[in-house]
Ligand code: ADP
Ligand code: MG
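In the numbering used here, the protein residues as written are 1 to 594.
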C-alpha cells in the first residue's frame, strides 16, 4: 500500500508556466501579445526591437497611456486585466486582449523588464522579473508609455526552448506577426528593427492601401481592387487581388474580424469559392479583408491565441464575403461605360484602326521607317503620341471597364495570341482561354435564366461511351438536358447527341461527351448543381475551342469585346490567364527609359 498523494494547489509560478504554453508559443507570440496591449493602451507609435529572431530579445515600446505602479504590479499577475470585469463582458469584447494572462505568462518564462509611466506622473516604474519572480521594483524617469523587454524566452523551460527554431525561422514568424498588426492598424506608426537594423518603418496613414504598399511594394497594389459590400449587418472592406495575379502561398491573405487579425474556416471557404473558376488550384490571390459585424455575432473565445473565431450566422457571413469578392474582381460595381450598345455592331463593321495610324501597322509590312527586325514593343515605345491620338472613343469598339475597353488589334503571334494596343500599353490575349471564358459565361448565364438556346445536330450523332461513363451521364442527364445538351440514352452504352448549346455546337460530340462523363465522375457522389453546372460549362467550353481554327480578324474583334463584357475576364474558367497586360510604364522600364 502506498501513501495517498495529497492534492495540492499548484504554485502560481507553475500555473503561469502552464498558461504560457497556451499563450506563448514562440517569440512571435510575445510580439503579438505585447503589440496588442500597446494598441489597447491607445498608442500612436509602436516600436519593436528583436535580437536573434526574438530568441534573445523581443522589446515593444509604445507611447500609450502607461501604467501607475499599482496597475503595473497588477498587470503581471495572472488574470489581472483592466479589460474584463464580468463573464458577461465575454460577449462584447472590443479590445484585443481579454484574458489578463499574457503578461504573467510571458514573465514566468523569460527575463522580463517592464518600464512604464503615466502622463503627468512624478516618476515611472520599472519592474524586473526573472522567471516569474519579481527581482526589483524601482522608480525611473521615463517618457509616457510602456516599454516591455522580454529576454531569453524559455530560459527556464528547457523543453520549450528546444522547440524554438533557428533565428531565421523565428524571425520570419516575428515579421509575419508584425505585418499582421501593422495591416490591422494603418493609423498607427510602426517600426521593426532586427539586430539593430531597420526592417520596416511604417508611417501612420488613413489608407490601408498605403500600408500595403509600404509593406509589400508598389506592384501588388496595382493588382488590388477595393472591397466594399454590406448587407446591413456584415460589412466587408479592404482589398482583393485581381486574377490572375496570385501567389503560391497564403502569406498575403490577411483577414481582420472587427479589427483583429484572425481567420475562420467560413472565411477561407468563401474566398475559395469566389476564386474557384478564376485561379488555378494552389494559387492564392492577395486579400486584405476587413470584416465588421456586431460583436455578439462572433465568438472570439475559441482559440487561446485568438487566431480563430466562430460566427453565429456563418452562412450569412459567407455569402456576404463571396458577393464582396465577386463584385471586386469582376468589376461589375464599376459604372457601365457611357457609350452605345456594343452588341449592335457586327464585327465586320468594326473600324480598322490600323488604317487610322499607318505607323502602327503590322510588323511584316515593309512601309515602316524602323530599324530591321522591329518588334511590336519597340514600335509602341516609339509611337506613343500616335497611339494616344488614335484612341478617340468613337473609333473604337466599346466594351466593359477592362484595360482593353479601347484597343487596336495589331495582329497575332504564334497563331493563337492576339496582340492589342490600348491607351495604357500592350495586351496579349490567348484566344482559346478567352473563348473558353466567354462560352462559359454565356452558357452559365443562359442556364441561370432558364433558357439555353440549343442547336440541332444534323444528323444526330451516336456516341459510344464506357459503362462507367454511361452511369455518370445517366445520373446527370436531366441537368445536361436543362443545360442545352440534347442527349438520349440509346442502350449498349451509346448516347444520341441531338442538339448542343449554340455556343458549343461546333464541338466534336464524341470527345465532348466523353470529357463530360469523366468530369462528372470525378465530381464524386454529390449531385449538387453548384459544382456540376460550372463543371459542365467549363468542359463544354474547352471542347468547343479545341478544334478551333485560327480566328479571322472580325472574329477576334468580337471575341475581344465579348471577353471584356464577361464578369471575370482575366482568367479562363480553368484558371488560366486569358490576357497578359504590359503597361507602357512597364515597357519603358524594361527598355531603360525610366
Ligand atoms: P490583457 O491584455 O488580456 O488584459 P495582459 O496580461 O496582456 O492581459 O495585460 C494585463 C494588463 O496590463 C492589461 O489589462 C492592461 O491594463 C495592462 N497593460 C499591459 N500592457 C500595457 C501597455 N503596453 N500599456 C498600458 N497598459 C498595459
Ligand atoms: Mg494582452
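Glycine is no exception: its CB is placed at the ideal position from the N, C-alpha and C atoms. For clarity, every value in this text was computed on a predicted model and none was experimentally measured.
Between residue 476 and residue 470, the alpha-carbon positions lie close to 10 Å from each other. Beta-bridge partners assigned by DSSP to residue 324: none are found. With a cut-off of 8 Å, the C-beta of residue 37 is classified as near the ligand MG, since at least one heavy atom of the ligand falls inside that distance.
Around the beta carbon of residue 591, fewer than 16 other beta carbons sit within 10 angstroms, so the residue counts as exposed. Look at residue 476 here: in three-state DSSP terms it is coil, with no helix or strand label. In this structure, residue 194 lies near residue 51, with their beta-carbon atoms less than 9 Å apart. Ranked by Cα distance from residue 426, the first of 584, 69, 256, 297 is 584.
Its Cα nearest to that of residue 38, the residue 146 stands out among 120, 168, 112, 146.
In the three-state reduction of the DSSP assignment, residue 267 falls in the helix class, which pools H, G and I. At a cut-off of 4 residues, the continuous stretches assigned as alpha helix (DSSP H) that sit fully inside the region 194-270 are 208-216, 218-222.
Rounded to the nearest whole angstrom, the C-alpha separation of residue 311 and residue 124 is 42 Å. With a beta-carbon spacing of about 5 Å, residue 575 and residue 279 fall inside the 8 Å limit used to define contacts. When Cβ pairs closer than 8 Å are counted between the two stretches, the region 434-446 is seen to touch the region 562-577, the count reaching three or more. A contact between stretches requires three or more CB pairs, one per stretch, nearer than 8 Å, and the region 449-464 meets this requirement with the region 498-505. When the Cα atoms are used, residue 64 and residue 173 turn out to be separated by approximately 25 Å. Residue pairing of residue 501 in beta bridges, as defined by DSSP: 454.
Relative to the ligand ADP, even the nearest heavy atom lies 8 Å or more away from the CB of residue 188. Contact check between the region 262-274 and the region 222-239: fewer than three CB pairs, one atom from each, fall below 8 Å, which does not count as touching. When only Cα atoms are considered, residue 60 and residue 46 end up about 7 Å apart. Cβ neighbours of residue 128 within its own chain (closer than 6 Å, five residues either side excluded): 113, 135, 136.
Within the same chain, 221, 224, 239 come within 8 Å of residue 209 by CB-CB distance, once the 5 residues on both sides are set aside. Not one heavy atom of the ligand MG sits closer than 8 Å to the Cβ of residue 184.
For residue 117, there is no enclosing alpha helix (DSSP H); the enclosing beta strand (DSSP E) has its first and last residue at 111-117. By the Cβ-count criterion, residue 35 is buried, with 16 or more other Cβ atoms from all chains shown falling within 10 Å of its own Cβ.
Taking non-hydrogen atoms of the ligand MG into account, the C-beta of residue 33 is found less than 8 Å away from one of them. Its chain contains 64, 65 as the residues whose beta carbon lies nearer than 7 Å to that of residue 42, once the 5 sequence neighbours on both sides are disregarded; these appear in chain order. Considering only 467, 468, 513, the residue with the shortest C-alpha distance to residue 481 is 513. Annotated as distal: residue 416 and residue 405, with beta-carbon spacing of 9 Å or more. Cα atoms of residue 414 and residue 550: separation of roughly 10 Å, rounded to the nearest angstrom.
The nearest non-hydrogen atom of the ligand ADP is less than 8 Å from the C-beta of residue 101.
Relative to the ligand ADP, residue 148 has its C-beta within less than 8 Å of a heavy atom. Relative to the non-hydrogen atoms of the ligand ADP, the Cβ of residue 104 comes within a distance shorter than 8 Å of at least one. Under the three-state reduction of DSSP, residue 77 is assigned to coil, being neither helix nor strand.
Comparing alpha carbon positions, the residue from 298, 495, 203, 552 closest to residue 411 is 552.
Remark: the shortest separation between the CB of residue 40 and any heavy atom of the ligand MG falls under 8 Å. The beta carbon of residue 403 is closer than 7 Å to those of 422, 424, 427, 581 in its chain, skipping five residues each way along the sequence.
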